[in-house]
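Below is one structure, written out as structure tokens, with a few remarks after it.
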Amino acid sequence: MKVDIDIYTEVKDCTYKDEHYSVRDNGAVFRHAKDGHKPRKLDEQWLFGTKNEKTGYMTIGGHRVHIIVATAFHGSHDSKRDIVDHIDTNRCNNRPENLRWLTRLENALNNPATRKKIEYLCGGDIQKFIDNPSCLRDLTGTNQDVMWMRTVTQEEAKAAYERVMKWAEKPSKPYSSAGNMGEWIFAQPDSPIIQDTYRQVLFPALSPDTALQREWKTPTEFPLCPIQISETPLTSYIDNLCVGKVITRNQYTTQIIDDFALCNENLIMVICHSLSEDIKKYTSVSITFEDGKYIHEGRTYFEERGAQKALTIAKGLEWDGPDGIDDYC
Numbered sequence: 001m002k003v004d005i006d007i008y009t010e011v012k013d014c015t016y017k018d019e020h021y022s023v024r025d026n027g028a029v030f031r032h033a034k035d036g037h038k039p040r041k042l043d044e045q046w047l048f049g050t051k052n053e054k055t056g057y058m059t060i061g062g063h064r065v066h067i068i069v070a071t072a073f074h075g076s077h078d079s080k081r082d083i084v085d086h087i088d089t090n091r092c093n094n095r096p097e098n099l100r101w102l103t104r105l106e107n108a109l110n111n112p113a114t115r116k117k118i119e120y121l122c123g124g125d126i127q128k129f130i131d132n133p134s135c136l137r138d139l140t141g142t143n144q145d146v147m148w149m150r151t152v153t154q155e156e157a158k159a160a161y162e163r164v165m166k167w168a169e170k171p172s173k174p175y176s177s178a179g180n181m182g183e184w185i186f187a188q189p190d191s192p193i194i195q196d197t198y199r200q201v202l203f204p205a206l207s208p209d210t211a212l213q214r215e216w217k218t219p220t221e222f223p224l225c226p227i228q229i230s231e232t233p234l235t236s237y238i239d240n241l242c243v244g245k246v247i248t249r250n251q252y253t254t255q256i257i258d259d260f261a262l263c264n265e266n267l268i269m270v271i272c273h274s275l276s277e278d279i280k281k282y283t284s285v286s287i288t289f290e291d292g293k294y295i296h297e298g299r300t301y302f303e304e305r306g307a308q309k310a311l312t313i314a315k316g317l318e319w320d321g322p323d324g325i326d327d328y329c
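Here my numbering is used: the first residue of the sequence shown is 1, the next is one more, and so on.
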């Protein structure tokens with residue numbers, strides 16, 4: 001049955017990514033033209049948005065409609081900390097009552113795959129994590145997928161777990177990992193102070209002397225890392241990069257460049273694949289220049305799309321490709 005865009009009871013306004021929107025409680029949005037500019041193609045009209053066939057989300061001008069609706073009706077949240085969840089898992093149902101902001105912890109506990117991972121790390125007892133979230137510090141090593149949970153307080157963990165259990169008891173609101181995990185990106189933790197301290201663990205590279213490794217214990221060679229420091233160190237590094245060249249080499253594997261970009265003036269990201277038969281074959285290597293040294297930090301992925309998604313986001317762009325296994329574990 002086709003939904004009538006003009007049947008609604010309430011309209012609210014919001015600003016999202018420097019755009020002014022009016023939003024109806026049926027999920028329709030109206031993007032206002034920018035002051036002093038001619039209306040664009042999608043301006044000054046009520047729209048439900050266009051469905052992205054890869055992700056299932058409704059979008060307008062590259063922005064996801066459900067986030068706009070949630071911002072208008074449920075307030076603005078820090079998108080690095082929180083995500084918008086579709087309660088009925090239907091990504092086209094953008095009515096305000098079907099949307100809610102979740103913390104990444106709530107979203108993680110609401111995902112069966114992640115809960116199983118936590119239970120496994122805690123010896124089969126998730127209550128161990130709920131009672132003492134810092135227990136993951138000694139169990140996860142450099143596992144990026146759950147590292148951020150180390151900084152969650154006991155109160156936050158208990159509150160989030162209780163809410164998830166209450167949601168799960170409601171038969172009218174089914175859940176599926178595909179619906180609830182569509183936007184989860186493991187990124188910065190809830191407590192930047194603690195994480196910043198942890199992230200300062202640096203290890204010397206095998207070579208050259210100008211290279212260091214962050215949270216990367218295996219001594220590794222970085223054959224493309226500049227030996228001499230120029231006035232523009234990251235430019236010198238990216239000039240050495242080329243698809244097909246070896247970016248890292250150690251006792252376990254050699255990695256070959258698939259893609260790379262200077263994401264901003266302070267960050268290079270390189271996407272590469274391992275020549276070994278690793279379970280997680282793909283890696284994103286983040287390169288920064290700090291205190292006279294090139295700092296290398298890696299994260300591994302099951303699928304190439306996971307690494308490409310990381311590169312896309314690092315460049316400040318919105319990922320519009322399909323979700324993959326790396327979004328769920």
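Where a beta carbon is used, it is the ideal one built from N, C-alpha and C, also for glycine.
Task: Outcome for residue 318 when other beta-carbon atoms lying within 10 angstroms are tallied against a minimum of 16 - done: exposed
- [ ] Provide the residue(s) that pair with residue 204 in DSSP beta bridges, ordered along the chain.
- [x] 212
Task: Close-in-space but distant-in-sequence residues of the same chain around residue 314 (CB under 7 Å, 5 per side omitted) - done: 263, 267 and 269
- [ ] Could you name each continuous beta strand (DSSP E) segment of 3 residues or more that falls completely within the segment 73-122, going from the start of the chain to the end?
- [x] 82-86 and 99-103
Open item on the list: If you measure between the beta carbons of residue 366 and residue 36, is that distance less than 9 Å?
Closed with: Since the first and last residues shown for the chain are 1 and 329, residue 366 lies out of range.
TODO: Could you give the DSSP three-state label for residue 126: helix, strand or coil?
DONE: helix
Task: Host alpha helix (DSSP H) of residue 240 (start-end) - done: 233-240
Task: beta strand (DSSP E) segments (min. 3 residues) lying fully within the segment 255-301 - done: 267-274, 282-290 and 293-301
Open item on the list: So, with DSSP's three-state summary, where would you put residue 247?
Closed with: strand
Task: Min CB distance residue 97 to chain C below 9 Å - done: You won't find chain C in this structure, because it holds only one protein chain.
Open item on the list: Quick check on residue 14: buried or exposed, where buried means 16 or more other Cβ atoms within 10 Å of its Cβ?
Closed with: buried
TODO: Would you list the residues sitting across from residue 22 in a DSSP beta bridge?
DONE: 13 and 30
Open item on the list: Quick check on residue 49: buried or exposed, where buried means 16 or more other Cβ atoms within 10 Å of its Cβ?
Closed with: buried
Open item on the list: Quick check on residue 186: does DSSP put it in helix, strand or coil?
Closed with: At residue 186 the pLDDT is 27, less than 50, meaning the model places this residue with poor confidence; the figure from the coordinates comes in the next sentence. Coil at residue 186, not helix or strand.
Task: Start-to-end residues for the alpha helix (DSSP H) that takes in residue 313 - done: 304-314
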